[in-house]
Structures are given as structure tokens and as C-alpha cells.
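Peer 1: Under the UniProt record's numbering, the final residue of the sequence shown carries the number 119; numbering is consecutive throughout.
Below: one structure in C-alpha cells.
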Amino acid sequence: MLVIDPASPVPPFEQLRAQLAGQIQDRTLAVGTRLPTIRRLAADLGLAINTVGRAYRELEEAGLIETRGAAGSFVSAAGEQGRERAGRAAAEYAAVIASIGLDTDEAIRIVRAALTKGA
Numbered sequence: 001m002l003v004i005d006p007a008s009p010v011p012p013f014e015q016l017r018a019q020l021a022g023q024i025q026d027r028t029l030a031v032g033t034r035l036p037t038i039r040r041l042a043a044d045l046g047l048a049i050n051t052v053g054r055a056y057r058e059l060e061e062a063g064l065i066e067t068r069g070a071a072g073s074f075v076s077a078a079g080e081q082g083r084e085r086a087g088r089a090a091a092e093y094a095a096v097i098a099s100i101g102l103d104t105d106e107a108i109r110i111v112r113a114a115l116t117k118g119a
């Protein structure tokens, strides 16, 4: 279920993008799930077509959805592949941390700093 809060300082396209991204990442929307058309979702949520279109474009640029022409937009397997890639990177990082003898708290602080710097 998607809810857009018109009183929020967050733009509607970002509210929609974030909610869909969250549902894809937590697997509420499984790989291969067909998303509503832009027109349909805009009508359902009371948004402009361009607003929904922008959210879909940003999700596509992030690799979370793919558009297959007239067939519509679908949750992309690339999002799952990204999750697997992140898991492999985390395992490699954990091996490095163990090999140099850092404790878990310090390792997590390093990751938080890197994520904050990259944002």
C-alpha cells in the first residue's frame, strides 16, 4: 500500500520512490512483479502523471525496476543482484577486519563513516 502525505515537506515523487524502493528491498514486491502503469498509479494516488513518471525513472536508474515497453514496468532482478553483491562485499570486509584484528564496534564505525561520506 502506498500513501502520499500532501502535508509532508518531502516531494510526492520522493515519497513514492522511497516507498516503492523500500518494498522492493524488503521483498514485499518480489522480482518480476508488474507495477501499475504510470497513469493508473497517478490516478489511484491523486498525483500528476509526471510525478509518478519521475519516481519510476529514478527507480529504473537505480536498477530496482525495468520498463519493457508496452508490457509495463517490473521489479528488476538487478535489485536482487545488487543485494547479493553487497553481501559478498560485506563478507570480504568481515574477512579483512578479522585478519587485522579490529573489533566489531570499530568495524561498524568505519562502515557508518563510509556510508555517511558517500551519501
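Positions of the beta carbon are idealized from the N, C-alpha and C atoms, including for glycine.
Could I get the ranges of all uninterrupted beta strand (DSSP E) runs contained in the UniProt domain "HTH gntR-type" (10 to 78), with 3 residues as the minimum, in chain order?
Peer 2: Runs of the beta strand (DSSP E) inside the UniProt domain "HTH gntR-type" (10 to 78): 65 to 67 and 73 to 75.
Peer 1: Confirm, please, whether the CB-CB distance from T33 to G72 is below 8 Å.
Peer 2: Residue mapping note: residue 72 aligns to position 72 of the sequence shown, counting from 1. Residue mapping note: residue 33 aligns to position 33 of the sequence shown, counting from 1. No.
Peer 1: Taking all protein chains shown into account, do 16 or more other C-beta atoms lie within 10 angstroms of the C-beta of P11, making it buried, or fewer, making it exposed?
Peer 2: The sequence position of residue 11 within the sequence shown is 11, counting from 1. So P11 counts as exposed.
Peer 1: Given 8 Å as the limit, is there contact between the segment 80 to 97 and the segment 38 to 52, that is, 3 or more CB pairs closer than that?
Peer 2: The segment 80 to 97 vs the segment 38 to 52: no contact.
Peer 1: Is the beta carbon of L64 less than 8 Å from the beta carbon of I24?
Peer 2: The residue labelled residue 64 in the question sits at position 64 within the sequence shown. The residue labelled residue 24 in the question sits at position 24 within the sequence shown. In this structure, I24 lies closer than 8 Å to L64 by Cβ.
Peer 1: Ignore the nearest five residues each way along the sequence and tell me which others in R68's own chain have a CB closer than 7 Å to its CB.
Peer 2: The residue you call residue 68 lines up with position 68 of the sequence shown. F74, listed in sequence order.
Peer 1: Quick one: what's got a C-beta closer than 6 Å to L35's C-beta in the same chain, skipping five residues either side?
Peer 2: Counting from one through the sequence shown, the residue named residue 35 turns up at place 35. Around L35: S73.
Peer 1: Measure the alpha-carbon distance for A42 versus A70 and round it to whole angstroms.
Peer 2: Against the sequence shown, residue 42 aligns to sequence position 42. Against the sequence shown, residue 70 aligns to sequence position 70. Cα to Cα, A42 sits roughly 17 Å from A70.
Peer 1: Buried or exposed, going by whether 16 or more other CB atoms sit within 10 Å of the CB of residue 151?
Peer 2: The structure shown does not extend to residue 151, since the chain is modelled only from 1 to 119, so the question has no answer here.
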